[in-house]
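Number of protein chains: 2
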Amino acid sequence: MAVRADLNISLDGYASTTDQTPENPFGEDWGRLVAAYTATRTFRERVLGDSSGEGTTGVDDRYGAAYFENIGAEIMGAGMFGLHNFPDDRDWRGWWGEEPPFRCPVFVLTHDADRDPIVFANGTEFRFLAASPDEALALATDAAGGEDVRIGGGVDTVRSFLAAGLIDRLHVGITPILLGRGQNLWAELRGLESDYTVTSEVAESGVVHVTFARG
Amino acid sequence: MAVRADLNISLDGYASTTDQTPENPFGEDWGRLVAAYTATRTFRERVLGDSSGEGTTGVDDRYGAAYFENIGAEIMGAGMFGLHNFPDDRDWRGWWGEEPPFRCPVFVLTHDADRDPIVFANGTEFRFLAASPDEALALATDAAGGEDVRIGGGVDTVRSFLAAGLIDRLHVGITPILLGRGQNLWAELRGLESDYTVTSEVAESGVVHVTFARG
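If you want it as C-alpha cells, here you go:
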C-alpha cells in the first residue's frame, strides 16, 4: 500500500490558477496547465467517457494511465470537489457528472462535513469529513483494502500531506509555462527531496514528469 | 549575434542561495545547486584549470561546453563579481584568480563604477559601469565583435534582462532539490514562454535542462 499524489504544475511551481470566472470555473490558465494531460487517450476514455480510442499515447498517456492504476481510495480537499464554488448547494454532486472517474471511496475533507455520502453506480462514493491528514489517511487506507490511496488535490491538500510526511510517491507533470500566480506547490517544502529518490523524464509534448519516490 | 544566459536553479526556482558565511562565501546550498555542473570535464578544465581530462562527459558537460562557445563579451552584476562581499577592497579582482574563465571583455554593472578596468593575460578584462540593461548590452555587443553576449548573472541581473526582452536564449539547469529561499528566477515573469520555444532534456545526473529559445 502506497500513498500517492499527482499534480500538474507550471515551471514556476503553480498548481492552481487564479483566473476563474463564474462562466469558466477552471480558468484559462488551467486549460494550458493540463493541456497535455487532457489530450491523452487515458483522460479521454477515463474522464470524458470517450471510447473512440482517440488521444495521445506517449509518455503523458503512460503517466495518465498510471494515475488510475491500483487506487483503492482517494482523499481530496473541499475545493477540488467544488464546495468553495457552490457552498450553499446541498445537491452539488461534484464536477464529474454521473460517471465520476474515481470508482472507489473518495474522502472529501471539509469543515462542512454534515453531508450525506453520495453514491454512484460505478463505485464512486463521496464521503465528507472534517479530519487531520493522519485521521483521513487511516480511514482511506482501511477503505482501500490493500490498494493505494491517492491524495487527489488540490494543491494545499497535497501540501498538507507532504508536510506531514505521508506521501510515498509524488508525481508532478511540469508544463513549461510561467503562471506567476496561484498556489505554489513548492512553498515551504525546503529539503523535501531528502526523503525521496527523484527521477525525471521529458514527454513528447514538452511536459517534464518529475517523480519523488521513497526508498 | 545572440544574447544568452545560463543559470543553475533548484526545482522551486531559486538561483541564489542564502546560507553564505564569511568562511564559505558561496554557501552549502550553492554547492548542491551546481554539483552536476562542477563535476563536468568542461568545468574542471575551463574554470579550475584542471587538464587531467577528468570529469563527467554526458549531457551536463555538453551544456557546460556550450556555455563557453562563441562568447565575445559578458555582462554580470556587481554581486556575481563579488563587490557586495568586498565593497571596500579596491584591489578585489573577482573570485577567479589570475585565469578567469571568461577570456573576453566582462562588463560589471555597479553603481560604484569609478574603478579602473582589470586586464588579465588570458583576454579577460573587467570593466565597471553604471548602466541600464539596454546601454550595457549596446556596449557589450560592440565589444563582442559579432560573437554572442552572455548575461552571466546573478539572478537579478538575468531577470532584469529577461524583463527587458533582451535575452534570445535562456538555458536553466534545474537541480531536483528544493531550496525554499533565495532569489527566485521565475518571480514576475508570467507569460515569458510566449516569446520562446521551450525544450527540455534530462541529464544522467538527474538535472533537467530547459532552454527558452527565440523563434
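In order, the protein sequences belong to chains A and B.
The opening residue of the first sequence carries number 1 in this note's numbering; numbering runs sequentially from there.
The opening residue of the second sequence carries number 1001 in this note's numbering; numbering runs sequentially from there.
For each residue, glycine too, the CB sits at the ideal point set by N, CA and C.
Just so it is clear, the structure is predicted and the values come from calculations on it, not from any experiment.
A residue is called buried once 16 or more other Cβ atoms fall within 10 Å of its Cβ, and A:Met1, having fewer, is exposed. A buried status is given to A:Phe43, since no fewer than 16 other beta-carbon atoms sit within 10 Å of its beta-carbon.
Under the 9 angstroms criterion on CB atoms, B:Pro1022 is classed as non-interfacial with respect to chain A. Residues of chain B with a Cβ closer than 7 angstroms to the Cβ of A:Ser16 do not exist; the shortest Cβ-Cβ separation is about 14 angstroms. Annotation: the continuous beta strand (DSSP E) that includes A:Thr199 extends over Tyr196 to Val202.
A:Leu192 and A:Phe161 do not touch by the CB rule: their CB atoms are close to 12 angstroms apart, not below 8 angstroms.
Below the 9 angstroms Cβ cutoff, chain A contributes Thr199, Ser200, Glu201, Val202 and Val208 as neighbours of B:Val1202, in chain order. Taking a C-beta distance under 9 angstroms as the contact criterion, A:Gly72 and A:Thr40 do not qualify as a contact pair.
Annotation for B:Glu1028: no beta strand (DSSP E) segment contains it, though the alpha helix (DSSP H) segment containing it runs Glu1028 to Leu1033. Interface with chain B (9 angstroms Cβ-Cβ cutoff): A:Ile75 is excluded. Identification of chain B residues near A:Glu188 by a Cβ-Cβ cut-off of 8 angstroms yields Gly1180, ordered along the chain. For the region 58 to 113 of chain A, the continuous beta strand (DSSP E) assignments of 3+ residues that do not extend past its boundaries occur at 71 to 77 and 105 to 109, in sequence order.
Under the three-state reduction of DSSP, B:Val1207 is assigned to coil, being neither helix nor strand. Shortest Cα-Cα distance from B:Gly1027 to any of B:Arg1181, B:Val1202 and B:Asp1006 involves B:Arg1181. Around A:Pro133, the same chain offers Ser160, Phe161, Ala164 and Leu166 as residues with beta carbons nearer than 7 angstroms, after the five sequence neighbours per side are excluded. Any Cβ of chain B closer than 9 angstroms to the Cβ of A:Glu193 would place that residue at the interface, and such an atom is present. Setting aside the 5 residues that flank it on each side, B:Asn1184 is surrounded in the same chain by Gly1013 and Tyr1014, each with a C-beta closer than 7 angstroms to its C-beta; the list follows chain order. Pairing A:Thr124 with A:Ala78 gives a Cβ-Cβ distance that is not under 9 angstroms. Between the alpha carbons of A:Val59 and A:Gly97 lies a distance of about 28 angstroms.
Apart from sequence neighbours up to five positions away, the residues of its chain that approach A:Gly82 with a beta-carbon distance below 7 angstroms are Trp92, Gly94 and Trp95, ordered along the chain. Only residues of its own chain outside the window of five on either side were considered, and among them Glu1099 and Arg1103 have a CB closer than 6 angstroms to the CB of B:Asn1122, listed in chain order. Secondary structure note for A:Val158: its alpha helix (DSSP H) is the uninterrupted segment Val155 to Ala163. For A:Asp114, there are no neighbours in chain B by C-beta distance under 8 angstroms, as the nearest C-beta there is about 38 angstroms away.
The region 1118 to 1184 of chain B contains, as complete alpha helix (DSSP H) runs of 4+ residues, the segments 1133 to 1144 and 1155 to 1163 (chain order). Rounded to whole angstroms, the separation of the alpha carbons of A:Asp88 and A:Val47 is 26 angstroms. In this chain, the alpha helix (DSSP H) harbouring B:Arg1046 covers Arg1041 to Arg1046. Using a CB distance cut-off of 9 angstroms, A:Ile167 does not count as an interface residue toward chain B. Contacts between A:Gly13 and chain B, judged by CB atoms closer than 7 angstroms, involve Asp1012 and Gly1013 in chain order.
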